[in-house]
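Numbering (the working numbering), first residue to last: 6 to 276.
For glycine and all other residues, C-beta sits at the position ideal for the given N, C-alpha and C.
Predicted, not measured: the structure shown is a model, and the values here were computed from it.
Right, one structure below, let's go through it.
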């Protein structure tokens, strides 16, 4: 949990610096990212940390959910359900953020995912065109995605506060499953040092990847500027969305696939 807070903080901070130099215009978006990486002081580092930060965020989220399931944290309904809402918000943030560099995967990923809304009966096509702000993924789409990407992390931060508020009502879970005050220890120094150790480990791994293998988790196709006339041979999302993509692809019916995809996440609310 504390590591997720660190990830969110790092993402907001690096994102803020990137937003200072980024332009949300289809003609200049790709080159503005190149400009950040080549011309801005330490821009390459900030960009690499932001891009890989998303992966670290999801590693921590998935571990956090697994831990919650293992220790039965879902019994604390309010905390758990706010957590599921947080997961959806973070996924939305990651998706709109992936579109911003305006590479091939950005464009085609946006096209494929927004098109899923056309599966909604009756209003599907109108819904898609409303989200696009036109008849295809275009300048209007990029501008609004940038706006959403800027706004959502602050909503995530606010929802995290609510998450913690509910958690403090019940107290955290532990492997021993005990909840009496006699067994509890003070947060400082015991947990604060434990958290600091985790922070150090995460930051070291995080910076090492950003410095030595920054593109290990990225898609090579995203180094090619978006071209609506050329479809990449394999359109696939980042690793953290692969489970959803696999569910979607495994069902031949469009609406069925979309419903299965949503259920795979919302099923957590029913645990």
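**Message:** Given a cut-off of 9 Å on the beta-carbon distance, is the pair residue 84 and residue 193 in contact?
**Reply:** In the chain shown, counting from the first residue as 1, residue 84 sits at position 79. In the chain shown, counting from the first residue as 1, residue 193 sits at position 188. In this structure, residue 193 does not lie closer than 9 Å to residue 84 by Cβ.
**Message:** Please identify the residue among 76, 150, 125 whose C-alpha is closest to the C-alpha of residue 97.
**Reply:** To locate residue 97, count along the chain shown from 1; it is residue 92. That would be 150, whose Cα lies nearest to the Cα of residue 97.
**Message:** In the DSSP output, what is residue 230 paired with across the bridge?
**Reply:** Here residue 230 refers to the residue found at position 225 of the chain shown. Paired residues: 108.
**Message:** Let me check understanding here. Comparing Cα to Cα, which of 74, 6, 57 lies closest to residue 65?
**Reply:** The residue you call residue 65 lines up with position 60 of the chain shown. Of the candidates 74, 6, 57, 6 places its Cα closest to the Cα of residue 65.
**residue 37 in three-state terms, based on DSSP** = As a working mapping, residue 37 is identified with position 32 in the chain shown. In the structure shown, residue 37 sits in a helix (DSSP, three-state: H, G or I).
**Prompt:** Expressed to the nearest angstrom, what Euclidean distance is found between the alpha-carbon atoms of residue 112 and residue 237?
**Reply:** Looking up residue 112 in the chain shown gives position 107. Looking up residue 237 in the chain shown gives position 232. Near 10 Å, if we compare the C-alpha coordinates of residue 237 and residue 112.
**Request:** Flag this pair as touching only if the region 240-254 and the region 122-133 have three or more C-beta atom pairs under 8 Å; answer yes or no.
**Result:** no
**Request:** Measure the Cβ-Cβ separation of residue 172 and residue 81 and say whether it is below 9 Å.
**Result:** For this step, residue 172 is matched to residue 167 along the chain shown. For this step, residue 81 is matched to residue 76 along the chain shown. Taking C-beta atoms as the reference points, residue 172 and residue 81 count as a pair closer than 9 Å.
**Request:** Excluding the 5 residues preceding and the 5 following residue 123 in the sequence, name in chain order all residues of the same chain whose CB lies nearer than 6 Å to its CB.
**Result:** Taking the first residue of the chain shown as position 1, residue 123 is located at position 118. Around residue 123: 129, 130, 133.
**Item:** Local conformation of residue 123 per DSSP, three classes
**Value:** Sequence index remark: in the chain shown, residue 123 carries index 118 (1-based). If DSSP states are grouped into helix, strand and coil, residue 123 belongs with the helices.
**Message:** Quick check on the DSSP output: what are the complete alpha helix (DSSP H) runs of length 4 or more inside the region 117-162, in order along the chain?
**Reply:** 129-137
**Request:** Would you check if the region 176-188 and the region 17-24 touch, i.e. whether three or more CB-CB distances between them fall below 8 Å?
**Result:** no
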